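A quick write-up on the structure given underneath.
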Amino acid sequence: MSEFSLPGDKVATIEEFETGRNTFDDGHTIRSVVVGTKEFDKTNRIAKINQLKSPAVPQVNDLVIGYVVALMNNMFAINMLYINGKPTHSGLECICQARGAKKRIIARVSDVVMVKIISHLNGAIHATISESELGVLFTQCNKCAGKVVQIGANVKCVDCGYIEERKLSSKFGNSDFIKLGSQ
Ligand SMILES: [Zn+2]
Numbered sequence: 069m070s071e072f073s074l075p076g077d078k079v080a081t082i083e084e085f086e087t088g089r090n091t092f093d094d095g096h097t098i099r100s101v102v103v104g105t106k107e108f109d110k111t112n113r114i115a116k117i118n119q120l121k122s123p124a125v126p127q128v129n130d131l132v133i134g135y136v137v138a139l140m141n142n143m144f145a146i147n148m149l150y151i152n153g154k155p156t157h158s159g160l161e162c163i164c165q166a167r168g169a170k171k172r173i174i175a176r177v178s179d180v181v182m183v184k185i186i187s188h189l190n191g192a193i194h195a196t197i198s199e200s201e202l203g204v205l206f207t208q209c210n211k212c213a214g215k216v217v218q219i220g221a222n223v224k225c226v227d228c229g230y231i232e233e234r235k236l237s238s239k240f241g242n243s244d245f246i247k248l249g250s251q
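So the sequence shown is residues 69 to 251, counted in my numbering.
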């Protein structure tokens, strides 16, 4: 993820390199103009960005389906699998805020979720989960990894009976992920 640049991101310092394709310098720092990967020509001291072809990087309002890879304080990271229903192999992650829901369990690691992109900010791709169709599409029991069924705003394990909160998508239980994200 560190080799991947968004517009405005620092690529190198002007002491180290000259500006190459898809970059500019702000007087101190060489920055990216586009979304892409960095390439350094050390012989000629030129830094450039190889632009990533859309749809590897989702745009604002795109629907993303992926699995949760990390839970942090009030936010979680999602490894993106589908953008608007098209498979993506970029390995990119987006960050989803869980604002105002400190004590609520939104999702667990390895849950499959659908989110909507809201911004590109500070080098990260930000998404929201707070609309009815957004949320967890697939999850398992956190105790025994058993199959779960929806009970109101919770999921209940059919094996051990454990009940836990989730921010469920209105499409929870539908496993046709590609179709879900492409509407
Ligand atoms: Zn269970």
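Where is the CB? At the ideal position from N, CA and C, for every residue including glycine. Source: prediction; values computed, not measured.
Under the 10 Å beta carbon count, Ala221 is surrounded by fewer than 16 other beta carbons and is classified as exposed. Where Thr156 is concerned, there is no enclosing beta strand (DSSP E), because DSSP gives it neither an H nor an E.
Judged by beta-carbon spacing, Val79 lies within the 7 angstroms limit of Thr91, meaning their Cβ atoms are closer than that value. In the DSSP assignment, Asp109 falls within the unbroken beta strand (DSSP E) covering Gly104 to Asp109. Minimum Cα-Cα distance from Thr81 among the listed residues Thr111, Glu107, Pro75 and Ala115 corresponds to Ala115. Leaving aside the five residues that flank Gln165 on each side, the residues in its chain whose CB is nearer than 6 angstroms to its CB run, in chain order, Met143. Between the stretch 126 to 136 and the stretch 168 to 182 there are three or more inter-stretch CB-CB distances shorter than 8 angstroms, so the stretches are counted as touching. Taking every residue with its beta carbon within less than 6 angstroms of a heavy atom belonging to ligand 1 gives, in chain order, Cys209, Lys211, Cys212, Gly214, Cys225, Asp227, Cys228 and Tyr230.
Only exposed fits His96, as fewer than 16 other CB atoms lie within 10 angstroms of its CB. Among the bridge pairs identified by DSSP, Ser73 is matched with Gly104.
For the set Asn147, Arg172, Ser73 and Phe85, the Cα lying nearest the Cα of Leu120 is the one of Ser73. Every unbroken stretch of the beta strand (DSSP E) spanning 3 or more residues and falling wholly within the stretch 175 to 244 is given here in chain order: 180 to 189, 192 to 196, 203 to 206, 216 to 219, 222 to 225 and 231 to 233. Three or more Cβ pairs closer than 8 angstroms define a contact, and the stretch 201 to 210 meets that threshold against the stretch 224 to 243. Non-local C-beta neighbours of Phe108 in its own chain, meaning closer than 6 angstroms and more than five positions away in sequence, comprise Ala115, ordered along the chain. DSSP places Phe144 in the strand class (E or B) of the three-state scheme. Gln208 and Ser198 have their C-alpha atoms some 21 angstroms from each other. Within a 10 Å sphere around the beta-carbon of Ile231 sit fewer than 16 other beta-carbons, which makes this residue exposed.
The residues Met143, Phe144, Ala145, Ile146, Ala192, Ile193, His194 and Ala195, in chain order, have a CB closer than 8 angstroms to that of Ile163 in the same chain once the five nearest residues on each side in sequence are set aside.
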